[in-house]
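Engineer: The following block contains the structure, expressed as structure tokens.
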Amino acid sequence: MPDNATPSLAKRLVCALKIEGTLKEKRPVHAFGWGAKGEFLPSAVAKNYCRAFHFNLARRDDGSLVTYPVTLRFSNGSGEAKQRDSWSDVRGMAARFHDPQDDTRATDLIAMTLPEFFNATPEGFAAFAQAAKSAPCRAQTPWEKLRDMLHLIQPMPDPYPGQTRRPDEGAIRYADKDARAQLAVLQAATIGVPQSYLQASYHAVHTFRVTGFGGTNNVRFEWRPVDGVRPHDPDLTPEPGSPPVDPDDFLVPDLKNRLKNSAAGPHVRSRPMRFSLMMTIGETGDDFNDPSRPWPPRRKRVFMGMLTVNEACDTEKVSFNPGLLTDGVAASDDAILWTRIEAYRYSSEQRGGTPCPFAEGQ
Amino acid sequence: MSKPAPDWLAAFVDSLPTRKWFQFLSNWVVVPYWHWRDPKPVLEGGPRPAPQPSENLQRMMNLVMPLRDPSPIGRARAAIVIAQNTDEIFAGLDNVGTVHNARFVLIGDYLCMLSVYDGDFSNYIRDFIVAIGSVFDAVMDLVVGGDALKPTARNVEKFIDWVHDHDLFQVPDFPTDLFALQDAAKGLGPDAPPHPLRSLSREMILQFVANPNVSLGGGYRAYPGKSAAQLRQNLGVGW
Ligand code: HEM
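Here the protein sequences come in this chain order: A and B. Just so we're aligned: 108 in our numbering is position 108 of the first sequence, and the numbers increase by one with no gaps anywhere. Just so we're aligned: 1197 in our numbering is position 197 of the second sequence, and the numbers increase by one with no gaps anywhere.
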């Protein structure tokens, strides 16, 4: 564990992230979401790169291919008390792969729609979280907007109807002083809304060390939806026959609808949804410990397998943890990753989550 | 507390970016004013140096050359020159060994050579001159400023510089990296104070005054990190 990944800082971060007046049993961030069950089929090349159980393409005695059960949770990033699906926000996808041979063995991969994080150090993130705390907001006056336009600056978006607080202004003020936060702040401010949790790309952001026959590589993981990435268009008129949409709460109903298989209606696809798991291989000269810096899009990408999401289910009590790793996948020295390990465990305790089968000191 | 602005004023200001007269004012007054206050240096073309192997494979060249005669007759001449030189081009592709693909495109008043190559830019052009110098000479007849470079085989270094100058600037893959590139072009180091994030839109607009034609990012690859030689080897077509 790197020196600056101290448990007390992790706890302080959890407390700082929790918004006053929100329910204790809710997560402090990614508060609203829902789960699903799926199965993962590793690719033929996956085990060359990683010996972890879920990358082992194997056959059963009857010749069929082994798939690995997966527990998922999709979520909005916000920790506010009220759910707002049609507000721009980073979305999350937490996945737990289970070993069908050994029910004590599992491993987590937690990912989000933002391709990088706001900071490279826990202290930096604490400063960012403080600066970007949700604060009262208002629309710019026409004169302020005009001034921006004449400075060739895009005016700030007006708050959504009913929005009185937001983190954006504080986050931008922070990024004006810390260049490393700029990319994440810019991308988070313009990230928008997916049409469906099942039609977004999710990035696990940190570097992991994976070991397989070919040696050890520093890698990053991403989920790519087979049906493509589709942003939500609030101006699009709903298809005839589709159920009425609540703009504050449509992502979980959509998830349940799409996975219901038959009764979903003609406007949604009634079949399992799939994600490709892509693994990008870092190279000497890349920063393996800085999650605020994405690697350029020219790194080698390996198709590690296909996730099929089959049915929606309640995973609100489940406690995912980025430190729940397994033989073949190890954490890098990224201090943010190590801080999260402690933070998620503490957060789970605070909200009364089911403790994760987490191995001490991973 | 000051009185809130009337709704009609707010709606009017919001609509300004879509109004023709405001776009005209922005393009002819606001942008020139900022360009006068804060002109941006032309940023260098081609991929930027990087130590990682995958940065040095499948690199893009977007060579954009102004046509000497952009009329239909001049364009037809360009088409014929390229069509007449396919043997030379294949001789280059088959022997240089670091080129994935190359194509010539006529667009607007420009003849463009777009190619994907492995390794160092200067060596790529140098190797190509050896193999297909005659094609470059024929191309130089078609483009503005080409005469001074002929025969390219005897003006190798000058020709390399010229090609580099006509290779499009590649906008950074991550938009906020533009700040650092602009700072570096002004001689400022990486520890220069950060720029206000919201000024990125202005910096980008002003950069497009200096570099109007650009490549948007460094391109997207289905099989990154593979050289032309590796692919040919794996495909069993050898080298
Ligand atoms: C130091 C940095 C971070 C801190 C302190 C932090 C904190 C937290 C906390 C406290 C939770 C709730 C955990 C629970 O109660 O079960 C959470 C959830 C989550 N975080 Fe983070 N986080 C950090 C960085 C990240 C990063 C880099 C990612 C992207 C990969 C991420 C993605 C998520 C997701 C997707 C969830 C929801 C998990 C679920 O559905 O159970 N977080 N985070």
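Note that beta-carbon positions come from the ideal geometry of N, C-alpha and C, so glycine has one too. Quick caveat: nothing in here was measured; it's all calculated off a predicted structure.
What's the C-alpha gap between B:Ala1228 and B:Ala1184?
Structural biologist: Cα to Cα, B:Ala1228 sits roughly 32 angstroms from B:Ala1184.
Engineer: Could you tell me which residues DSSP puts in a beta bridge with A:Met93?
Structural biologist: Looking at the DSSP assignment, A:Met93 forms a beta bridge with A:Phe74 and A:Ala111.
Engineer: List the residues of chain B that A:Gly21 touches, going by C-beta distances under 7 angstroms, in chain order.
Structural biologist: Chain B residues near A:Gly21: none, gap ~27 angstroms exceeds 7 angstroms.
Engineer: Between which two residues does the beta strand (DSSP E) harbouring A:Asn56 extend?
Structural biologist: Segment: none, A:Asn56 is in no beta strand (DSSP E) and carries neither H nor E.
Engineer: For B:Phe1174, decide whether its Cβ has a neighbour in chain A, counting only Cβ atoms nearer than 8 angstroms.
Structural biologist: Yes - at least one Cβ of chain A is within 8 angstroms of the one on B:Phe1174.
Engineer: Could you check what DSSP says for A:Thr121 in three-state terms: helix, strand or coil?
Structural biologist: A:Thr121 falls in the coil class under three-state DSSP.
Engineer: Can you grab the Cα-Cα spacing for the pair B:Leu1206 / B:Asn1027, in whole Å?
Structural biologist: Rounded to whole angstroms, B:Leu1206 to B:Asn1027 spans 11 angstroms at the Cα level.
Engineer: Of the choices B:Met1060, B:Ser1071, B:Asp1127 and B:Ser1134, whose alpha-carbon is the least far from that of B:His1100?
Structural biologist: Cα-wise, what sits closest to B:His1100 is B:Met1060.
Engineer: If we ignore side chains and look at the alpha-carbon of each, how far apart do A:Arg138 and A:Ala132 end up?
Structural biologist: Computed Cα separation, rounded: 16 angstroms.
Engineer: Grouping DSSP H, G and I as helix and E and B as strand, with all else coil, what is A:Ala106?
Structural biologist: Strand, per DSSP.
Engineer: Which same chain residues, not among the five before or five after A:Asp89, have their C-beta less than 6 angstroms away from its C-beta?
Structural biologist: So the qualifying residues of the chain are Asn76, Gly77 and Ser78.
Engineer: So B:Gly1225 contacts chain E; which residues on that side make the cut at Cβ distance below 9 angstroms?
Structural biologist: The structure shown has no chain E; the protein chains it does contain are A and B.
Engineer: Grouping DSSP H, G and I as helix and E and B as strand, with all else coil, what is A:Gly33?
Structural biologist: Here A:Gly33 sits in strand by DSSP.
Engineer: Would A:Gln199 and A:Gly170 be called neighbours here (beta carbons separated by less than 8 angstroms)?
Structural biologist: No, these two residues do not count as a Cβ contact at 8 angstroms.
Engineer: Is A:His232 near the ligand HEM, with its Cβ less than 7 angstroms from a heavy atom?
Structural biologist: A:His232: no, Cβ never under 7 angstroms from the ligand HEM.
Engineer: According to DSSP, what are the bridge partners of B:Met1060?
Structural biologist: Its beta-bridge partners are B:Val1116.
Engineer: By the three-class DSSP mapping on this structure, what secondary structure does A:Ala359 have?
Structural biologist: Reliability of the predicted coordinates at A:Ala359 is poor, the pLDDT of 44 falling under 50, and the value obtained from them is presented with this limitation in mind. Note: A:Ala359 maps to coil in three-state DSSP.
Engineer: Quick check: the stretch 243–263 of chain A against the stretch 200–212 of chain A, are at least 3 beta-carbon pairs closer than 8 angstroms?
Structural biologist: These segments do not touch.
Engineer: Please list the terminal residues of the continuous beta strand (DSSP E) segment that includes A:Gly305.
Structural biologist: That run of the beta strand (DSSP E) goes Arg301 to Cys313.
Engineer: My assumption, with CB atoms under 8 angstroms, is that A:Asp176 sits in contact with B:Pro1194. Please give the rounded CB distance.
Structural biologist: Confirmed, about 6 angstroms.
Engineer: Specify the secondary structure class of A:Thr237 as computed by DSSP and reduced to three states.
Structural biologist: In the structure shown, A:Thr237 sits in coil (DSSP, three-state: anything other than H, G, I, E or B).
Engineer: Considering only their Cβ atoms, is the gap separating A:Arg73 from A:Val318 smaller than 8 angstroms?
Structural biologist: For A:Val318 and A:Arg73, yes; Cβs fall inside 8 angstroms.
Engineer: DSSP state of A:Asn289, grouped into three classes?
Structural biologist: It is coil, neither helix nor strand.
Engineer: I need the DSSP call for A:Ala264, collapsed to helix, strand or coil.
Structural biologist: In this predicted model, A:Ala264 has a pLDDT of only 47, less than 50, meaning its place in the structure is not dependable; the value taken from the coordinates is given anyway. Reduced to three states, the DSSP call for A:Ala264 is coil.
Engineer: Span of the beta strand (DSSP E) holding B:Gln1132?
Structural biologist: It is worth fixing the name first, because residue 1132 of chain B is Ile in this sequence and not Gln. Not the beta strand (DSSP E): B:Ile1132 falls in the alpha helix (DSSP H), residues Phe1121 to Met1140.
Engineer: Using a cut-off of 7 angstroms between C-beta atoms, extract the partners of B:Ser1201 located in chain A.
Structural biologist: Under the 7 angstroms cutoff, chain A gives Leu152, Ile153 and Gln154.
Engineer: Exposed or buried, what is A:Gly265 when buried is set at 16 or more other beta-carbons lying within 10 Å of its beta-carbon?
Structural biologist: Per-residue confidence for A:Gly265 stands at a pLDDT of 49, beneath the threshold of 50, marking its modelled position as unreliable; no derived number is given.
Engineer: Using a Cβ-Cβ cutoff of 7 angstroms, what residues of the stretch 170–188 of chain A are near chain B? List them in chain order.
Structural biologist: Within the stretch 170–188 of chain A, the qualifying residues are Ile172, Ala175, Asp176, Lys177, Asp178, Ala179, Gln182, Leu183, Val185 and Leu186.
Engineer: Going by Cα to Cα distance, which pick from A:Val329, A:Gly63, A:Pro100 and A:Gly124 is closest to A:Leu9?
Structural biologist: Measuring from the Cα of A:Leu9, the nearest candidate turns out to be A:Gly124.
Engineer: Taking one C-beta from the stretch 226–242 of chain A and one from the stretch 65–72 of chain A each time, how about it: are there three or more such pairs within less than 8 angstroms?
Structural biologist: Short answer: they don't touch.
Engineer: From the DSSP secondary-structure annotation, give me the bridge partner or partners of A:Glu39.
Structural biologist: In the DSSP output, where bridge partners are listed per residue, A:Glu39 has A:Pro69 and A:Thr308.
Engineer: Counting along the chain, where does the alpha helix (DSSP H) carrying A:Ala204 start and finish?
Structural biologist: First-last for A:Ala204: undefined, no H or E at that position.
Engineer: Going straight from the alpha carbon of A:Gln362 to that of A:Gly328, what length do you get?
Structural biologist: With a pLDDT of 37 at A:Gln362, under the threshold of 50, the modelled position of that residue is not reliable, and the figure given next carries that caveat. The straight-line gap from Cα to Cα measures roughly 12 angstroms.
Engineer: Tell me which residues share the same chain as B:Gly1238 and place their Cβ nearer than 8 angstroms to its Cβ, disregarding the 5 neighbours each side in the sequence.
Structural biologist: For B:Gly1238, where only same-chain residues beyond five positions count, the Cβ hits under 8 angstroms are Arg1232.
Engineer: For B:Asp1118, count neighbouring Cβ atoms within 10 angstroms of its own Cβ and tell me buried if that reaches 16, exposed if not.
Structural biologist: Under this definition B:Asp1118 is a buried residue.
Engineer: Quick one, which of B:Phe1136, B:Asp1161, B:Val1214 and B:Ala1010 has its alpha-carbon nearest B:Gln1170's?
Structural biologist: Of the candidates B:Phe1136, B:Asp1161, B:Val1214 and B:Ala1010, the one whose C-alpha sits nearest the C-alpha of B:Gln1170 is B:Val1214.
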